[in-house]
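Notes for the one structure printed next.
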Amino acid sequence: MPTDRGPSRRAVLLGGAALATALTPGLAGCSSAGTSGPVLSDGALPDGFGLEAPRWRMAVPRAARPRGLVLALHGFGGSADDAFDLGFGDAVETSRMALVSVDGGNGYWHARSDGSDTGAMVRDALLPLALEAAGLPASARVTLLGWSMGGFGALLLASDLGRSRISGVVAASAALWLKGSQTPARAYDGRADFDRHSIWGRLPQLAEIPVRLDCGTSDPFIAANRTLARRLPGVEAHFTPGGHDDDFWSGNVAAEMAWAAARA
Numbered sequence: 002m003p004t005d006r007g008p009s010r011r012a013v014l015l016g017g018a019a020l021a022t023a024l025t026p027g028l029a030g031c032s033s034a035g036t037s038g039p040v041l042s043d044g045a046l047p048d049g050f051g052l053e054a055p056r057w058r059m060a061v062p063r064a065a066r067p068r069g070l071v072l073a074l075h076g077f078g079g080s081a082d083d084a085f086d087l088g089f090g091d092a093v094e095t096s097r098m099a100l101v102s103v104d105g106g107n108g109y110w111h112a113r114s115d116g117s118d119t120g121a122m123v124r125d126a127l128l129p130l131a132l133e134a135a136g137l138p139a140s141a142r143v144t145l146l147g148w149s150m151g152g153f154g155a156l157l158l159a160s161d162l163g164r165s166r167i168s169g170v171v172a173a174s175a176a177l178w179l180k181g182s183q184t185p186a187r188a189y190d191g192r193a194d195f196d197r198h199s200i201w202g203r204l205p206q207l208a209e210i211p212v213r214l215d216c217g218t219s220d221p222f223i224a225a226n227r228t229l230a231r232r233l234p235g236v237e238a239h240f241t242p243g244g245h246d247d248d249f250w251s252g253n254v255a256a257e258m259a260w261a262a263a264r265a
């Protein structure tokens with residue numbers, strides 16, 4: 002049975018002094034005060050969606066107005082720090098794409114029977130905050146990017162939001178199962194929940210959006226990712242040596258951020 006959990010590092014890759022700022026009314030944040038590298042900020046969303054004050058982190062290009070926004074969704078057991086630990090923050094200046102991530106819990110980025118709904122949190126709270134903080138129009142399209150559980154979440158949220166809001170999807174090592182009977186309880190609340198949120202029933206919506214799949218050939222989810230690549234017209238698939246781990250995900254950061262920038 003494939004597992005959706007990969008190792009997570011907590012090393013601080015992006016430093017710099019911080020100062021208090023108000024990016025959005027009612028939300029406390031901090032911004033890097035250095036003179037090089039991206040402008041960094043963080044804060045907490047209001048309680049709601051089944052999570053208590055989920056923390057977000059953001060990096061905005063210092064050198065120029067961002068081309069667009071990449072919204073990164075972490076894997077099972079992860080946090081807002083993971084996108085930065087993997088190196089996505091380091092690619093902000095070269096790609097000219099703003100980056101935002103958030104603590105999303107372990108609910109697989111959709112409404113669950115416990116009352117949590119981290120998908121709605123991303124759509125209704127994080128997305129408008131991040132666009133405003135990046136200096137982008139509220140109607141701007143964004144790239145959804147994620148790995149493991151977050152790869153599934155990026156595909157799921159893109160199918161809900163549609164081409165009018167999503168410029169592209171990058172799904173790395175997406176945690177996908179072909180049948181509800183194969184899924185762990187932590188991913189779905191039974192067969193009806195699987196059917197309601199399964200990617201396999203959302204292929205027409207995803208076919209309208211540019212999609213990039215990255216998956217290691219030793220990844221336990223490679224078979225399902227290959228199936229998605231066959232069934233989804235126009236998908237750009239990169240199946241290369243690697244496993245379900247930080248080394249594979251960090252090795253694709255530059256290419257994925259460049260891909261997102263080209264479609265912003």
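Going from the sequence shown to the working numbering is simple: count from 1 and add 1. Every residue gets a Cβ at the ideal spot worked out from N, C-alpha and C, and that includes glycine.
Residue range of the unbroken alpha helix (DSSP H) whose run includes residue i
| i | result |
| --- | --- |
| H198 | 192-198 |
| S251 | 247-252 |
| L204 | 204-207 |
Residue interval of the beta strand (DSSP E) (run including residue i)
| i | result |
| --- | --- |
| G169 | 167-173 |
| T228 | T228 -> not in any beta strand (DSSP E); alpha helix (DSSP H) instead, spanning 223-232. |
| E237 | 237-241 |
| R68 | It is not in any beta strand (DSSP E) - R68 carries neither H nor E in the DSSP assignment. |
| S42 | 40-45 |
| L217 | Contrary to the premise, residue 217 reads as Gly rather than Leu in this sequence. Its beta strand (DSSP E) spans residues 212-217. |
| R56 | 56-61 |
Residue i, buried or exposed, once every other Cβ within 10 Å from all chains shown has been counted against 16
| i | result |
| --- | --- |
| D125 | exposed |
| E257 | buried |
| P67 | buried |
| F89 | buried |
| G116 | exposed |
| A172 | buried |
| S219 | exposed |
| T119 | buried |
| D91 | buried |
| P211 | buried |
| A65 | exposed |
| D43 | buried |
| A265 | buried |
| R142 | buried |
| A135 | buried |
| A184 | A quick correction: the sequence has Thr, not Ala, at residue 184. T184 comes out buried. |
| A263 | exposed |
| A186 | exposed |
| G27 | Caution is warranted here: a pLDDT of 32 is assigned to G27, below 50, making its placement in the model unreliable, and the coordinate value is therefore given only provisionally. G27 comes out exposed. |
| G163 | exposed |
Close beta carbons around residue i, own chain, < 6 Å, minus the five adjacent residues each side
| i | result |
| --- | --- |
| V103 | P55, W57, A81, L127 |
| R63 | P39, V40 |
| I223 | C216 |
| A1 | Residue coverage of the chain in this structure runs from 2 to 265, which leaves residue 1 outside it and unanswerable. |
| G181 | R192, F195 |
Expected contact under 8 Å - CB spacing of residue i and residue j to nearest Å
| i | j | result |
| --- | --- | --- |
| M98 | A261 | 6 Å |
| A131 | M150 | Incorrect: roughly 20 Å between the Cβ atoms, too far for contact. |
| G169 | R227 | About 20 Å; that fails the 8 Å criterion. |
| T144 | G49 | No, T144 and G49 are not in contact; Cβ-Cβ is about 25 Å, not under 8 Å. |
| S174 | F249 | 7 Å |
| L52 | G106 | 6 Å |
| L208 | G235 | Inspection of the sequence shows that residue 208 is occupied by Ala rather than by Leu. The pair is a contact, with the Cβ atoms about 7 Å apart (cut-off 8 Å). |
| A60 | L100 | 5 Å |
8 Å Cβ shell around residue i - same chain, five flanking residues per side excluded
| i | result |
| --- | --- |
| R203 | L156, L157, S160 |
| D190 | R113, S114 |
| A139 | P129, L132, E133 |
| N253 | A173, D215, H239 |
| A121 | F50, A112 |
| E237 | P211, V212, R213, L214, W260 |
| A230 | L214, V236, A238, F240 |
Neighbour flag for residue i against chain D, beta carbons, 8 Å
| i | result |
| --- | --- |
| A173 | Absent from the structure is chain D; it holds one protein chain and no more. |
Residues near residue i in its chain [Cβ-Cβ closer than 7 Å; skip 5 each side]
| i | result |
| --- | --- |
| T95 | none |
| R232 | L204 |
| A225 | L177, W178, L179 |
Margin query: List, from N- to C-terminal side, the beta strand (DSSP E) runs of 3 residues or more that fit wholly inside the segment 86-166.
Written below: For the segment 86-166, the continuous beta strand (DSSP E) assignments of 3+ residues that do not extend past its boundaries occur at 98-103, 143-148, in sequence order.
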